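These notes concern the structure reproduced below.
There are 2 protein chains.
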Amino acid sequence: MNHTPMIGRHAIRNGALIASSEATVAVTSRAVQYGFSTYESLRVVEGRAVHLDDHLERLASSCEGIGLVHPFTSDQIRAWVADLIASDSIVEATLRVQLYGGEEPLLFITATPILTYPPFFYTDGVGVTTYRGERLIPSCKTGNLLLNYMALADAQRQGCFEALLVDRHGQILEGTRSNFFAFRDGSLYTAADEQVLLGITREQVLRACHHLGIEVIFEAVQVEELFSGYYDELFISATSMAAMPIRSVDSMSFISTYERTLAIKDLVRSWEMGER
Amino acid sequence: MNHTPMIGRHAIRNGALIASSEATVAVTSRAVQYGFSTYESLRVVEGRAVHLDDHLERLASSCEGIGLVHPFTSDQIRAWVADLIASDSIVEATLRVQLYGGEEPLLFITATPILTYPPFFYTDGVGVTTYRGERLIPSCKTGNLLLNYMALADAQRQGCFEALLVDRHGQILEGTRSNFFAFRDGSLYTAADEQVLLGITREQVLRACHHLGIEVIFEAVQVEELFSGYYDELFISATSMAAMPIRSVDSMSFISTYERTLAIKDLVRSWEMGER
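Top to bottom, those sequences are chains V and S.
The opening residue of the first sequence carries number 1 in this note's numbering; numbering runs sequentially from there.
The opening residue of the second sequence carries number 1001 in this note's numbering; numbering runs sequentially from there.
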């Protein structure tokens, strides 16, 4: 199975430190079979979990959104994250907090290698595709991800880095694992909060725009208008990417120097380190 | 975790007989995290897997529908089902064939207690609710089931047995784990093939209607028309239920003697036994 090897020797299950090989669930578990689960994926940089409070807040609201009731408090989870980082002396990693609902909720924290991208991804930009489909509950980060999986697989078959999800009205809402932004006449367009997953990095991008004096218009980009050339610089944002410039959408090129995107990316990354 | 205890001491993983406690998957597996999986749930009655060929055919088409490539042939899976039944001398059970995709596909076969319902469910009928929502790829049986989970949980909170999924056009397409049928002027209405999961038992219901001289019209029931009293006998079908009469939909009663429904149910069950 497509299985990310864990770093370190441990994982957390319901607060207990376990061997990472024991971070498993029964295939007969209803919560696993139905994807009745929520999760967060975050970066550990210099031994610190970046934007942990924001991630825990979103985890709680995802659980509320799908009616996943569990006994774990944000303070507990925060302490367990610290336990895992300390026990395996983790300096850099992707941490995943994975919560399964049902009668006996199970919360796992696992550490896998941190996602980084070659520098030329940022200088040259990445290719993306468009894919028709709508997520079930856009604002919640849940196990209901088949659309995201299929859209990304389709993009990768075409040699692309990400797929942009286009809804029934022709609106580009978000990527399969990212939020989407596009410049038009000097303003930055992105879908409204209620239409997308409220990315932690999306928040930081909006904060960066404020600092850089870039006006943000919360209006989803129409795919036809994108292909009609109304937009001149595009990027996606995610925890692992910060802000990643887009070179092409399907067969249409958007090559530029990506100055605004890279300025936003540098600010977002600088805040990650500056948080302490 | 809400976890059905397995019967028997074994399960199958990729053809190998394993201890049922070993039927687990890593929480770091992408296929598990994304619900990139397909499955079938079938009955073992008198030591025989009922309609096994039909289930294996549907499993193959579910995999094709979501692009899940795997090396397992229907002949292999059929043999593994026989292995599990023999090794644990299973007479009666629910068998689940669970297939996870990705780079290293994993196929599990597990046996859990057979689902049966008290006789009064059939004589009195069951209460169901309506729930707005559309499944992602209706014809495929996949791990993308959060809508089904939430709709059923909502029904159960209201003391009901099942939820009927209503699409954006007000059409009742199917239940969360069942197909839906309704009589109107002596004809039986049900959603068209391409709109729903093609239930194995749905096929048997249609066959029973043919035998009983009941005309079937493949047209989804409009929820407004249902509540306007155009329909006089309703039921749902599933492997575990055969045909289960519906006593009420939300607050509207459909109490009757359910003669047609029970005649269909008896025929469907009789064929299960007569298959040999």
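By construction, the Cβ of each residue, glycine as well, lies at the ideal position given by its N, Cα and C atoms.
Owing to the predicted nature of the structure, the values given are computational and were not obtained by experimental measurement.
With 16 other Cβ atoms within 10 Å as the buried cut-off, status of residue i
i, result
"isoleucine 264 of chain V", "buried"
"methionine 6 of chain V", "buried"
"alanine 1011 of chain S", "buried"
"methionine 244 of chain V", "buried"
"tyrosine 34 of chain V", "buried"
"alanine 1016 of chain S", "exposed"
"leucine 1095 of chain S", "buried"
"histidine 210 of chain V", "exposed"
"tyrosine 258 of chain V", "buried"
"valine 1128 of chain S", "buried"
"threonine 1073 of chain S", "exposed"
"serine 228 of chain V", "exposed"
"isoleucine 217 of chain V", "exposed"
"valine 126 of chain V", "buried"
"arginine 260 of chain V", "buried"
"glutamine 1156 of chain S", "exposed"
"alanine 192 of chain V", "exposed"
"alanine 1242 of chain S", "buried"
"threonine 123 of chain V", "exposed"
"alanine 1009 of chain S", "Looking at the sequence provided, one finds arginine at residue 1009 of chain S rather than alanine. By the 10 Å Cβ count, arginine 1009 of chain S comes out exposed."
"arginine 276 of chain V", "In this prediction, arginine 276 of chain V has a pLDDT of 41, which is less than 50 and means its spatial position is unreliable; nothing more can be read from the coordinates."
Rounded straight-line distance, which links the Cα of residue j to that of residue i
i, j, result
"methionine 273 of chain V", "leucine 56 of chain V", "19 Å"
"leucine 188 of chain V", "leucine 173 of chain V", "14 Å"
"alanine 1153 of chain S", "isoleucine 1137 of chain S", "21 Å"
"proline 71 of chain V", "proline 105 of chain V", "8 Å"
"threonine 130 of chain V", "leucine 145 of chain V", "17 Å"
"arginine 1168 of chain S", "glycine 133 of chain V", "15 Å"
"tyrosine 1039 of chain S", "glycine 1065 of chain S", "13 Å"
"proline 1119 of chain S", "leucine 1262 of chain S", "12 Å"
"glycine 1047 of chain S", "threonine 28 of chain V", "21 Å"
"aspartate 250 of chain V", "alanine 1060 of chain S", "31 Å"
"serine 270 of chain V", "isoleucine 1114 of chain S", "57 Å"
"aspartate 185 of chain V", "glycine 1170 of chain S", "41 Å"
"leucine 212 of chain V", "alanine 151 of chain V", "33 Å"
"valine 45 of chain V", "glutamine 1222 of chain S", "55 Å"
"valine 1069 of chain S", "aspartate 75 of chain V", "42 Å"
"threonine 176 of chain V", "leucine 1164 of chain S", "29 Å"
"tyrosine 149 of chain V", "phenylalanine 1036 of chain S", "7 Å"
"phenylalanine 108 of chain V", "leucine 1198 of chain S", "36 Å"
"isoleucine 1090 of chain S", "leucine 1052 of chain S", "15 Å"
"alanine 1220 of chain S", "serine 1178 of chain S", "14 Å"
"tyrosine 1102 of chain S", "threonine 116 of chain V", "Before going on, a small fix: residue 1102 of chain S reads as glycine here, not tyrosine. Their Cα atoms are separated by approximately 22 Å."
"glycine 1143 of chain S", "alanine 1031 of chain S", "9 Å"
Residue i: first and last residue of the uninterrupted beta strand (DSSP E) it sits in
i, result
"arginine 1207 of chain S", "Per DSSP, arginine 1207 of chain S belongs to no beta strand (DSSP E); it is in the alpha helix (DSSP H), 1200–1212."
"serine 187 of chain V", "187–190"
"valine 128 of chain V", "126–132"
"serine 41 of chain V", "37–45"
"histidine 1055 of chain S", "Segment 1052–1066 is the alpha helix (DSSP H) holding histidine 1055 of chain S; no beta strand (DSSP E) there."
"serine 87 of chain V", "Here serine 87 of chain V belongs to no beta strand (DSSP E); instead the alpha helix (DSSP H) covers 74–87."
"leucine 1165 of chain S", "1162–1166"
"glutamate 1174 of chain S", "1171–1175"
"methionine 1006 of chain S", "No beta strand (DSSP E) holds methionine 1006 of chain S; DSSP gives it neither H nor E."
"arginine 247 of chain V", "242–249"
"isoleucine 217 of chain V", "216–218"
"serine 1237 of chain S", "1233–1238"
"tyrosine 100 of chain V", "93–100"
"valine 25 of chain V", "24–26"
Segment limits, alpha helix (DSSP H) that includes residue i
i, result
"alanine 11 of chain V", "First-last for alanine 11 of chain V: 10–13, but that is the beta strand (DSSP E), not the alpha helix (DSSP H)."
"asparagine 296 of chain V", "Examination of residue 296 of chain V is not possible in this model, given that chain V is present from 1 through 276 alone."
"phenylalanine 1183 of chain S", "It is not in any alpha helix (DSSP H) - phenylalanine 1183 of chain S instead sits in the beta strand (DSSP E) that spans 1179–1184."
"glutamine 33 of chain V", "30–34"
"glutamate 1225 of chain S", "1223–1227"
Short CB-CB distance (under 8 Å) between residue i and chain A
i, result
"tyrosine 131 of chain V", "Looking for chain A here will not work: the only protein chains present are V and S."
| Are there three or more Cβ pairs, one per stretch, closer than 8 Å when the stretch 231–246 of chain V is compared with the stretch 1023–1033 of chain S? | In this structure the stretch 231–246 of chain V does not touch the stretch 1023–1033 of chain S; the number of beta carbon pairs closer than 8 Å is below three.
| Taking contact to mean at least 3 C-beta pairs separated by less than 8 Å, is the stretch 1084–1100 of chain S in contact with the stretch 1189–1205 of chain S? | With a cut-off of 8 Å, the stretch 1189–1205 of chain S and the stretch 1084–1100 of chain S do not count as touching, because too few Cβ pairs lie within range.
| field | Within 7 Å of chain V by C-beta, residues of the stretch 1144–1166 of chain S in sequence order | value | Residues passing the 7 Å Cβ filter: Asn1144, Leu1145, Leu1146, Leu1147, Asn1148, Tyr1149, Met1150 and Ala1153.
| message | Beta carbons nearer than 7 Å to chain S: which residues of the stretch 2–31 of chain V have them? | response | Against chain S - using a Cβ distance shorter than 7 Å - the residues of the stretch 2–31 of chain V are Asn2, His3, Thr4, Met6, Ala23, Thr24, Val25, Ala26, Val27, Thr28, Ser29, Arg30 and Ala31.
| message | Quick test of the definition: if touching needs 3 or more C-beta pairs under 8 Å, does the stretch 225–232 of chain V touch the stretch 243–257 of chain V? | response | With contact defined as three or more Cβ pairs closer than 8 Å, the stretch 225–232 of chain V and the stretch 243–257 of chain V are in contact.
| task | Below 9 Å between beta carbons is the criterion; list the residues of the stretch 1056–1069 of chain S that meet it against any residue of chain V, in chain order. | result | Residues of the stretch 1056–1069 of chain S that bring their beta carbon within less than 9 Å of a beta carbon in chain V comprise Ile1066 and Gly1067, in sequence order.
| task | Closer than 7 Å, Cβ to Cβ, to anything on chain S: give me those residues from the stretch 171–198 of chain V, in chain order. | result | Within the stretch 171–198 of chain V, no residue places its CB atom closer than 7 Å to a CB of chain S.
| request: Using a Cβ-Cβ cut-off of less than 9 Å, list which residues of the stretch 1091–1112 of chain S approach chain V; keep chain order. | output: Against chain V - using a Cβ distance shorter than 9 Å - the residues of the stretch 1091–1112 of chain S are Arg1096, Gln1098, Tyr1100, Gly1101, Gly1102, Glu1103, Glu1104, Pro1105, Leu1106, Phe1108, Thr1110 and Thr1112.
| Interface residues of the stretch 1073–1087 of chain S facing chain V [CB-CB below 7 Å] | Those residues of the stretch 1073–1087 of chain S that come within reach of chain V (Cβ to Cβ, closer than 7 Å) do not exist; the list is empty.
| message | By the 7 Å beta-carbon criterion, what residues does the stretch 1237–1263 of chain S contribute toward chain V? | response | Those would be none; no residue qualifies.
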